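Only one structure is covered here, and it is reproduced in the block below.
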Amino acid sequence: MNSRSAGLALGFSSAGHFFAHLLMLLYPTVVLVLERRWGMSYGDLLSLSLGGFVLFGLGALPAGWLGDRWSAEGMMVLFFIGTGGAAIAAGLTDGPVALAFGLAGIGLFGSIYHPVGTAWLVRNARNRGRALGVNGIAGSVGLAAGAFVAGALAQAMGWRAAFIIPGALCAVTGVILLCCLRGGTIVAATVDRRSEPEASRNDVVRTFIVLSFTMLADGTIAQAIPVALPKAFAAGLTGLTDGGTLDAGGFVTLVFLVAATAQLAGGWLADRFAMKAVYVFAWAAQVPLFILAAQARNLPLLGAMIAVNYLGVLSVPAENALLARYTPPRWRATAFGAKFLLALGVSTIGVKLVAVSYDGIGNFAPLWLTLAGCAGFVAVAGLFLPGRLRRDAAILTPLPAQ
């Protein structure tokens, strides 16, 4: 397989991960502007994005199936151009109903990335943990940039620019990818660069059952935190901010930028130690941190959120590597589609939980305690995954450089 083509695949997959999270997380900060302009409550405005978050997950399974059966590369082009175009459309809307449709379009086309882009990356990667770590950093930077970009553009140019400018950049990236494919610079990968012994049927079934439950719980956490943080920081960091979108967005960006470094650490750990142990530890350690966040304000709240997100991100390369290891290659994009159907679709209950929690009692304490329970569940369920909590020394030999 062409190494240059594989490297470009990693680059475009990482760019896709960045845009998938960036575009989905513009609105939670834009809400802070519309709340004042449209005279609607925070909960009602946030609920306009629910359809987009649902489609972001529900579209993952059919997108993964198409990636396996048609073309992963073609689906990635559709992702970039479709998601970027939907973001531009959202920025041109005028009124809550039209905006809800624009956000739904972002979610629908955005649903392509995780099943297709991740499987495409795994197929082209030799050191999977490291490649997933690099790709994960791009996604974490997208998470981090979403609040900051939205806050900065909304404050400097208006809320419409917060959608239109990032959307245009995403669509242009899709056009560049299409040109690379037509010019032969990127060649479709038909087999894995790194082959592994096929997992037993028992381990495949066991992994799918366990991860089906854990990904529902950790997906609820992953959906709720980025949506809640702009409002949680605007209300809870009163000693550090003036309540504006840029200040709150800046602290959200700080949280996710620190967490982004966990992707490489998580990938390194997944390549060298038992993936099961990395996964269980990362979730167990979050439980006391969520309990602390339920009572904290200012610096303690900021510190708890930084630590929670760092550990959550640390678990991602191990989780994806586990799923890739115990899934037949010909069904990998479909398997990732099923994962993200659970993690991003069904778990959109996390988005509604954010709205109900704040509108109900005016703070996020019930939300953080609920997420503590979810993290504890993931840690306990992870103990039932195949494999041991210790890895044989013979397996620790580093793989050749990618």
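Oh and the sequence shown: position 215 is 214 in numbering that gives the first Met the number 0, straight run, nothing missing. No residue lacks a Cβ here, since even glycine has one placed at the ideal position from N, Cα and C. Small disclaimer: the values here were computed from a predicted structure and weren't measured.
Taking the CB atoms as reference points, tell me whether residue i and residue j lie closer together than 8 Å.
i, j, result
"G106", "V53", "yes"
"L25", "G145", "yes"
"G132", "W267", "yes"
"L77", "L9", "no"
"A74", "G15", "Looking at the sequence itself, residue 74 is Met, so the reference to Ala does not match. Their beta carbons are not under 8 Å apart, which means M74 does not touch G15 by this criterion."
"V226", "P27", "yes"
"A169", "T82", "Before going on, a small fix: residue 169 reads as Cys here, not Ala. Their beta carbons are under 8 Å apart, which means C169 touches T82 by this criterion."
"G402", "P114", "Nothing can be reported for residue 402: it is not among the residues displayed for the chain, which extend from 0 to 401."
"A118", "A160", "no"
"F17", "G135", "no"
"A223", "L370", "yes"
"G150", "Y357", "no"
"T219", "I348", "yes"
"L49", "V355", "no"
"L236", "L288", "no"
"A247", "A264", "no"
"G138", "T333", "no"
"L321", "G56", "no"
"G173", "I80", "yes"
"V254", "M304", "yes"
"A221", "A342", "yes"
"G238", "N297", "yes"
"A99", "F212", "no"
"A143", "Q285", "no"
"A258", "N308", "yes"
"M23", "G84", "no"
"L47", "L7", "no"
Helix or strand or just coil, what does DSSP make of residue i?
i, result
"T92", "coil"
"R329", "helix"
"S13", "helix"
"L388", "coil"
"L352", "helix"
"T237", "coil"
"R296", "coil"
"N134", "helix"
"F55", "helix"
"T184", "coil"
"F147", "helix"
"S4", "helix"
"M214", "helix"
"A124", "coil"
"A273", "coil"
"A284", "coil"
"I80", "helix"
"G361", "coil"
"G38", "coil"
"F383", "coil"
"W119", "helix"
"S139", "helix"
"I305", "helix"
"W69", "coil"
"L152", "helix"
"L25", "coil"
"G249", "helix"
"S46", "helix"
"A19", "helix"
"S314", "helix"
"I111", "coil"
"G375", "helix"
What's the call for residue i, buried or exposed, on a 16-neighbour Cβ count within 10 Å?
i, result
"A97", "exposed"
"A400", "Model confidence at A400 stands at a pLDDT of 33, short of 50, so the residue's coordinates are unreliable; what they give is reported in the following sentence. The residue in question, A400, is exposed, as its Cβ has fewer than 16 Cβ neighbours within 10 Å."
"A155", "exposed"
"P397", "In this predicted model, P397 has a pLDDT of only 36, less than 50, meaning its place in the structure is not dependable; the value taken from the coordinates is given anyway. P397 comes out exposed."
"Q294", "exposed"
"W158", "buried"
"C178", "exposed"
"F147", "buried"
"F383", "exposed"
"S12", "buried"
"V377", "buried"
"R324", "buried"
"N201", "exposed"
"I360", "exposed"
"R122", "buried"
"P229", "buried"
"V277", "buried"
"I175", "exposed"
"V204", "exposed"
For chain D, find out if any of its Cβ atoms is closer than 8 Å to the Cβ of residue i; answer yes or no.
i, result
"A151", "Going by chain labels, chain D is absent from the structure shown, which holds only one protein chain."
Is residue i a contact residue of the ligand FMN, with contact defined as CB to any heavy atom under 7 Å?
i, result
"L168", "The ligand FMN is absent from the structure shown, which contains no ligands of any kind."
Segment contact flag, the region 86–103 with the region 362–376, C-beta cutoff 8 Å, min 3 pairs: At 8 Å Cβ cutoff, the stretches do not touch.
query: Pairing CB atoms from the region 308–319 with CB atoms from the region 280–287, are three or more of them under 8 Å?
result: Yes, since at least three Cβ pairs between the region 308–319 and the region 280–287 fall closer than 8 Å, the two stretches touch.
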